[in-house]
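These notes are about the structure you will find just below.
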Amino acid sequence: MNDSSVPSTRPVITSADVLRGSPKERTPPGQTLTTKWPVLHYGSVPEVDPDHPSWKLEIFGLVENPYELSYAEIRAMTAVDVKCDMHCVTHWSRLDNTFTGVPLKVIIERAKPKPDARFVLCHSEAGFTVNVPLSEFTRDDCILAYQWQGKDIEPDHGWPLRGLVPRLYLWKSAKWIRGIELRATDAPGFWEQNGYHMH
């Protein structure tokens, strides 16, 4: 685990929302600021051992080069720090977060998406799914995150991997991600099947 007191030499990407100005300008209407990171999810926290040989992240669907990555391979890839704000549909926001991980754009480009790939469906532990437009998923500030504020993300926040998409509300940042499927058409994820809007 990295020591958060040691300055990082990784590239830093600042999400556009952080550049809006004052905390008030960065906070959407109806949101309340918090300094904590509230825990919200459906069901229990899955028990995950990313060092087990069976653990893989699979990239598949409408791609020329489907492939898999072990957790060790992901942690060995060139990482970036993303400075961003978090906004939850349950009306809380937390400003000035730093996440560390691998750019999703790099993960997707290696798979060589087919021309008709337009959407992503993230597959997580326990059958949980999250849908995101491919154009949003591959922005520069979107990463496979494994650290928050210089320490490994806690299991109840998505460890060992969370698909961070900071410009969208937090339910679009899939916890415990295990698969990234590229699709031609949009498909509702878990929360969309339970009444949330598609995007």
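Note that the working numbering has the sequence shown beginning at 1298, numbered continuously upward. Even glycine gets a Cβ: it sits at the ideal position worked out from N, Cα and C.
- Between residue 1441 and residue 1356 a beta carbon distance of about 11 Å is seen, past the 8 Å cut, so the two are scored as non-contacting.
- Looking at the DSSP output, residue 1449 sits in a beta bridge with 1444.
- With contact defined as three or more Cβ pairs closer than 8 Å, the stretch 1315–1331 and the stretch 1445–1455 are not in contact.
- For residue 1400, the three-state secondary structure derived from DSSP is strand.
- Counting only residues of its own chain and dropping the five nearest sequence neighbours on each side, residue 1445 has a CB closer than 6 Å to the CB of 1396.
- Assignment of residue 1460 by DSSP, reduced to helix, strand and coil, places it in the strand class.
- Two segments are said to touch when three or more pairs of C-beta atoms, one from each, lie closer than 8 Å; by this definition the stretch 1379–1392 does not touch the stretch 1414–1427.
- With 16 or more neighbouring CB atoms inside 10 Å of its own CB, residue 1475 falls in the buried class.
- Closest in alpha carbon position to residue 1465, among 1434, 1311 and 1412, is 1434.
- Shown here, residue 1466 sits in coil according to DSSP, grouped into three states, outside any helix or strand.
- A Cβ-Cβ distance of about 16 Å is found for the pair residue 1470 and residue 1378, leaving them out of contact under the 8 Å criterion.
- With contacts defined by Cβ atoms closer than 7 Å, residue 1439 and residue 1479 do not form a contacting pair.
- In this structure, the CA atom of residue 1390 is about 29 Å from the CA atom of residue 1405.
- Distances from the CA of residue 1443 to each of 1432, 1437, 1456 and 1431 were compared; the closest alpha carbon is that of 1456.
- For residue 1370, no beta strand (DSSP E) encloses it; the enclosing alpha helix (DSSP H) starts and ends at 1368–1373.
- DSSP places residue 1434 in the helix class (H, G or I) of the three-state scheme.
- Cβ-Cβ separation between residue 1458 and residue 1392: approximately 24 Å, too far for a contact (criterion under 8 Å).
- In the structure shown, residue 1346 falls within a coil segment according to DSSP collapsed to helix, strand and coil.
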